[in-house]
Amino acid sequence: MSVAKLRVFRGDAQGGEEKEYEVPVDEGMVVLDALFYIQANYDGDLAIRWNCKAAKCGSCSTEINGKPSLACKTRMDTFAEGETITVYPIKAFPVIKDLVTDVSWNYEVSKKIPPFTPAEDTEWIMYQEDVERGQEFRKCIECFMCQNVCHILRDHNRKDAFAGPRFMIKIAEREMHPLDVLDRREFAREEAGVGFCNITKCCTEVCPEDIHITDNGIIPLKERVVDKYYDPLSWLLRKIKGK
Amino acid sequence: MEKYETHTHDVIVIGAGGAGLRAAIESSAQGASTALVCKSLLGKAHTVMAEGGVAAALANVDTKDNWETHFKDTMKGGKMLNNWQMALYHAQEAPERVRELEYWGALFDRTKEGRINQRAFGGHTWKRLAHVGDRTGLEMIRTLQEKGIHSGIDVYMECTITHLIKDGDRVTGAFGYWRESGKFVLFRANAIILATGGVGKAYKYTSNSWEYTGDGHSMAYEAGAELIDMEFIQFHPTGMVWPPSVRGILVTEAVRGEGGILTNSEGERFMEKYDPERMELSTRDVVARSIYTEVEQGRGSPHGGAFLDVSHRGADYVKRKLPSMYHQFMEFADIDITKGPMEVFPTTHYVMGGVKVDGETCSSTVPGLFAAGEVAGGMHGANRLGGNSLSDLLVFGKRAGAGAAAYASGKSHAQVSAELVEGFANELREPFNNTQGENPYTIHQDLQDVMQLYIGVFRTEENIQEGIDKIEVLKQRAETLKIEGSVMFNPGWHLCRDLKSMLIVSEALARCALARKESRGAHSRVDYPESDDEVLGKLNSIVSFKDGAMDVATRPIVEMPEELSKLFTEDK
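Right, dumping it as structure tokens:
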């Protein structure tokens, strides 16, 4: 059994520092196991969120060697022998303690998105090919790593103007639901700031569920918004109707 | 004492998995001011991990299905120990509860005709499980979460409830702490719904998350409520075996539902010996025992499990129907399940036993205290069928919400004694003040070893008694715990109280297992291998807190009315 060196951020909103730990490595072990070892043997108060330990709940998002990752999914054998492994909290959200950040903003944004709205006399028939687009977005485990790597949120901190990739696909999912009758294009443009996304696809790259956030979610959403606001015919109609 | 917040609501729901969310939605819809209090962030509860599907006799695929058949399957699967009234409501109401999710935006997989698709599962006569690939739980929790946040519910996330408060006989509040700040919080309420899930973290190998520490079971017990049939804990037949760090993680029954075949090291399809009729789709208790026996008798896979192979269904089909399993094995075990078999072994999965409730309203034996979902007992009897937990939490979540809202209506809030609250606070802070004491993580690991070893798939009087003796020692050791650090987001401190809950449920499990001298469903006694249908099969185990100790008694089951018992004799 080899021994790995981890340097883990310990601190809170006031600041902190790296602390080094040595952890024995067993076959198939993941970084979250190493953090459990630290809790049980060195520092019982090391704070990390986790739930399922099977990459299904999206709780243990951290930055491992600078790369946003689920700690439960990052295997220790992906690091070279003797390589020091750093574990930091995700950067786009304020630190509460150690690896735990304040992600409450996401829950506030989520609540603002107009819910699924079917017609009153809906007949509940939907075909597989029609639900698949929505099902892709509904695989989202809300790890918020896409929010974490989005330039608009991470580098420019424009949480006031842009809802972020996670919520772009939530809006897209509602819009693409075969039985939904609400129009969320104005919401997507005005409230959620879909125009801020400049399609660098960082969100797609980091998604642990392999959701094509940009190609299947944000770009079609942008197109719908464009259709509404910049299509000459719609523009004329809006002028006439005074909307 | 230090300052604490107070919140006042008509109804408090503790736990935000499927049952808690469904209960809160209903309670709020009935006009009650409703709070939902959960240990994790919203949407992370254990329901998120449910994979295979939700059982409901929609009859979309097998048109002969109906509630009578679902009711019979459930009772037979539970070895007739189930609370028949719960099994009846469950079978009758599950279809509407599932359709309701669709009305709220859920996107289930479809049949060719555009209806909700259904798949086969162990113990179900017909194809009955509505599903979304193998991530049905995620779909359900997102749908309920969405409905919930637009239902006027106050959500208190990352808040742990540690004590229930009573005024005379009646429950009037709950006390706990914010995980983030470590500060205390008091909830005053006229009704409390426990929806805290199960107890699997008392075991070393489990499919359950850290939250499954039996909080609701233990708080109900301490508040004087009865627990029922605690000896029945389900070992899911197929948990991952290798590598060690993922041992116990669930391999969905949908693998077998989609045609997966179990074999031993000799290439023998061994289920032919144990249940030739149903084979891999036998009930979970039978399949778990069969795999265990094969390994015990030296016919196990290299890492001590059985082989489970679904690769004959073709790579495209497997990836479409079992995407999570495909990724899980690829990423954690370097195994491509479209090309070859998985290795599986039973893992602690679900507790059938729980707070004894009335099927109509989900009220416990303590006025004002309700329970729904896994924390409630009775619905599944001695063994739960796959898919019946997701339907259980919808049906009884709604019933508990309605029951609690009706009970709370018109009642005025009781005063909470400051002395009582101070006592709770002092108890919780003790591990910070102790200059000497045990590390809670060490005791937790020791408890997990004891439960794994002594209260497992097969049991004997001797090993259960040894387990109880060891639990007694652990209880003594856990009297004085010591932890480091501050009150802010301190997992070591959080574990101190969780450990107490796990010790209570572990003791209840062990003592009930000792008392039931027969084999029934998930409870397999090597020294009493037969089922005693005449006497013991007609008795529920009842656990209660009496004179400062745990009391285990039996009580006759409630007999079914004739029009229902007739359903079973017609079969013969």
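Quick mapping for you: the protein sequence lines, in order, are chains S and H.
Per our numbering, the first sequence starts with residue -16, numbered consecutively.
Per our numbering, the second sequence starts with residue 1423, numbered consecutively.
Where is the CB? At the ideal position from N, CA and C, for every residue including glycine.
> Where do the N-terminal and C-terminal ends of the alpha helix (DSSP H) with Cys1918/H fall, by residue?
Replying inline: By 1-based counting over the second sequence, the position of residue 1918/H is 496. Note, Cys1918/H: alpha helix (DSSP H), Pro1913 to Ala1937.
> Fully enclosed by the region 1531 to 1613 of chain H, which beta strand (DSSP E) runs are 3 residues long or longer?
Replying inline: 1576 to 1578, 1581 to 1589, 1592 to 1600 and 1606 to 1610
> Roughly how many angstroms separate the alpha carbons of Val1621/H and Phe1657/H, rounded to a whole number?
Replying inline: Residue mapping note: residue 1621/H aligns to position 199 of the second sequence, counting from 1. Residue mapping note: residue 1657/H aligns to position 235 of the second sequence, counting from 1. Roughly 12 angstroms separates the two Cα atoms.
> Using the beta-carbon count (16 or more within 10 Å), is Ile182/S buried or exposed?
Replying inline: As a working mapping, residue 182/S is identified with position 199 in the first sequence. Result: exposed.
>> Helix, strand or coil, according to DSSP, for Val1957/H in the structure here?
In response: Within the second sequence, numbered from 1, the residue matching residue 1957/H stands at position 535. DSSP, reduced to helix, strand and coil, places Val1957/H outside both helices and strands of the structure shown, so it counts as coil.
> Per DSSP, what kind of secondary structure is Val1766/H in: helix, strand or coil?
Replying inline: To locate residue 1766/H, count along the second sequence from 1; it is residue 344. Strand at Val1766/H.
>> Leu53/S and Pro191/S - do their beta-carbons sit closer together than 7 angstroms?
In response: Walking along the first sequence from the start, residue 191/S turns up at place 208. Walking along the first sequence from the start, residue 53/S turns up at place 70. Taking a C-beta distance under 7 angstroms as the contact criterion, Pro191/S and Leu53/S qualify as a contact pair.
> For Ser42/S and chain A, any beta-carbon pair shorter than 7 angstroms?
Replying inline: Any reference to chain A falls outside this structure, whose protein chains are S and H.
> Using Cβ-Cβ distances below 8 angstroms, what residues of the region 1662 to 1675 of chain H are close to chain S?
Replying inline: Trp1664, Pro1665, Pro1666, Ser1667, Val1668, Ile1671 and Leu1672
>> Check this for me: beta carbons of Phe1609/H and His1429/H, under 7 angstroms apart or not?
In response: Sequence index remark: in the second sequence, residue 1609/H carries index 187 (1-based). Sequence index remark: in the second sequence, residue 1429/H carries index 7 (1-based). Yes, Cβ-Cβ distance for Phe1609/H and His1429/H is below 7 angstroms.
> Does the beta carbon of Arg1851/H sit closer than 7 angstroms to a beta carbon anywhere in chain S?
Replying inline: Working through the second sequence from its first residue, we reach residue 1851/H at position 429. No - not a single Cβ of chain S is within 7 angstroms of the one on Arg1851/H.
>> Using the three-state DSSP reduction, which class does Leu1685/H fall into: helix, strand or coil?
In response: To locate residue 1685/H, count along the second sequence from 1; it is residue 263. Before going further, note that residue 1685/H is Thr rather than Leu in the sequence given. Strand.
> In chain order, what residues of the region 1532 to 1562 of chain H put their CB closer than 9 angstroms to some CB of chain S?
Replying inline: Arg1532, Thr1533, Lys1534, Glu1535, Gly1536, Arg1537, Ile1538, Asn1539, Val1554, Gly1555, Arg1557, Gly1559, Leu1560 and Glu1561
> Where DSSP assigns a beta bridge to Lys80/S, which residues make up the other side?
Replying inline: Stepping through the first sequence from its first residue, residue 80/S is reached at position 97. Beta-bridge pairing links Lys80/S to Asp(-5)/S and Val83/S.
> Under the three-state reduction of DSSP, which class applies to Leu1463/H: helix, strand or coil?
Replying inline: Here residue 1463/H is taken as the residue at index 41 of the second sequence, counted from 1. Under the three-state reduction of DSSP, Leu1463/H is assigned to coil, being neither helix nor strand.
>> For a quick check, are the C-beta atoms of Thr1547/H and Asn1482/H less than 7 angstroms apart?
In response: Position 125 of the second sequence, counted from the start, is the residue given in the question as residue 1547/H. Position 60 of the second sequence, counted from the start, is the residue given in the question as residue 1482/H. For Thr1547/H and Asn1482/H, no; Cβs fall outside 7 angstroms.
>> Which residues does DSSP list as the beta-bridge partners of Met1972/H?
In response: Counting from one through the second sequence, the residue named residue 1972/H turns up at place 550. Answer by DSSP bridge pairing, in chain order: Phe1967/H.
> Any residues in the region 7 to 27 of chain S with a beta carbon nearer than 9 angstroms to a beta carbon of chain H? Which ones, in chain order?
Replying inline: Asp9, Glu10, Gly11, Met12, Val13, Leu15, Asp16, Phe19, Gln22, Ala23, Asn24, Asp26 and Gly27
>> Do Ile1571/H and Ser1450/H have their beta-carbon atoms positioned less than 7 angstroms apart in this structure?
In response: Numbered from 1 along the second sequence, position 28 holds the residue referred to as residue 1450/H. Numbered from 1 along the second sequence, position 149 holds the residue referred to as residue 1571/H. Taking 7 angstroms as the Cβ cut-off, Ser1450/H and Ile1571/H do not qualify as a contacting pair.
>> Please identify the residue among Glu1602/H, Ser1631/H, Lys1588/H and Trp1600/H whose C-alpha is closest to the C-alpha of Ile1614/H.
In response: If you number the second sequence from 1, residue 1614/H lands on position 192. Checking every option, the nearest Cα to that of Ile1614/H belongs to Lys1588/H.
> List, in order along the chain, the chain S residues whose C-beta lies closer than 7 angstroms to that of Ala1446/H?
Replying inline: The residue labelled residue 1446/H in the question sits at position 24 within the second sequence. In chain order: nothing, as chain S lies at least about 15 angstroms away.
>> Just to confirm the assignment: which complete alpha helix (DSSP H) runs, minimum length 4, are found wholly within the region 1822 to 1888 of chain H?
In response: Whole alpha helix (DSSP H) segments, 4+ residues: 1840 to 1855 and 1862 to 1876.
> Whole-angstrom Cβ separation of Val1927/H and Ser1631/H, contact assumed at under 8 angstroms?
Replying inline: Mapped onto the second sequence, residue 1927/H falls at position 505. Mapped onto the second sequence, residue 1631/H falls at position 209. Their Cβ separation, rounded to whole angstroms, is 16 angstroms, which puts Val1927/H and Ser1631/H out of contact at 8 angstroms.
> With distances taken between CB atoms, is the gap from Tyr1627/H to Thr1769/H smaller than 7 angstroms?
Replying inline: Working through the second sequence from its first residue, we reach residue 1627/H at position 205. Working through the second sequence from its first residue, we reach residue 1769/H at position 347. In this structure, Tyr1627/H sits near Thr1769/H, with a CB-CB distance shorter than 7 angstroms.
> Residue range of the beta strand (DSSP E) that His1429/H falls in?
Replying inline: As a working mapping, residue 1429/H is identified with position 7 in the second sequence. Here the beta strand (DSSP E) through His1429/H covers Glu1427 to Thr1430.
> Considering only residues of the same chain and omitting the five flanking positions on each side of Lys1960/H, which have a CB-CB separation below 7 angstroms?
Replying inline: Numbered from its first residue, the second sequence carries residue 1960/H at position 538. So the qualifying residues of the chain are Pro1978 and Ile1979.
>> Any beta carbon of chain S sitting closer than 7 angstroms to that of Ser1704/H?
In response: Looking up residue 1704/H in the second sequence gives position 282. Taking Cβ atoms only, chain S never reaches closer than 7 angstroms to Ser1704/H, which makes this a no.
> Of all the CB atoms in chain S, is at least one closer than 7 angstroms to the CB of Asn1885/H?
Replying inline: Indexing the second sequence from 1 puts residue 1885/H at position 463. No, Asn1885/H lies away from the interface with chain S (no Cβ there is under 7 angstroms from its Cβ).
>> Give me the chain H residues within the contact set of Gly117/S, using Cβ-Cβ distance strictly less than 8 angstroms, ordered along the chain.
In response: Position 134 of the first sequence, counting from 1, holds the residue named residue 117/S. Ordered by position in chain H, the residues that pass the 8 angstroms Cβ test against Gly117/S are Leu1529.
>> Between the alpha carbons of Asp198/S and Ile152/S, how many angstroms are there, rounded?
In response: Against the first sequence, residue 198/S aligns to sequence position 215. Against the first sequence, residue 152/S aligns to sequence position 169. The straight-line gap from Cα to Cα measures roughly 10 angstroms.
> If you drop the 5 nearest sequence neighbours on each side, which residues of the same chain put their C-beta closer than 6 angstroms to that of Asp1949/H?
Replying inline: Here residue 1949/H is taken as the residue at index 527 of the second sequence, counted from 1. Excluding positions up to five away in sequence, the list reads Thr1882 and Glu1883.
> Under 7 angstroms between C-beta atoms, does Met1972/H make it to chain S?
Replying inline: The residue you call residue 1972/H lines up with position 550 of the second sequence. Not one chain S Cβ lies under 7 angstroms of Met1972/H.
> When you compare only the Cα positions, how much space is there between His1512/H and Thr1496/H?
Replying inline: What you label residue 1512/H is simply residue 90 of the second sequence in a count that begins at 1. What you label residue 1496/H is simply residue 74 of the second sequence in a count that begins at 1. Each residue's Cα considered, the two are about 9 angstroms apart.
>> Check whether the region 1461 to 1477 of chain H and the region 1656 to 1670 of chain H are in contact - that is, three or more C-beta pairs closer than 8 angstroms.
In response: no
>> Going by C-alpha to C-alpha distance, which of Pro1763/H, Pro1665/H and Asp1707/H sits closest to Asn1686/H?
In response: Locating residue 1686/H in the second sequence gives position 264, where the first residue counts as 1. Comparing Cα-Cα distances from Asn1686/H to each of Pro1763/H, Pro1665/H and Asp1707/H, the minimum goes to Pro1763/H.
> Is the CB of Lys(-12)/S under 7 angstroms away from at least one CB in chain H?
Replying inline: Within the first sequence, residue -12/S is the residue found at index 5, counting from 1. No, Lys(-12)/S does not count as interfacial toward chain H.
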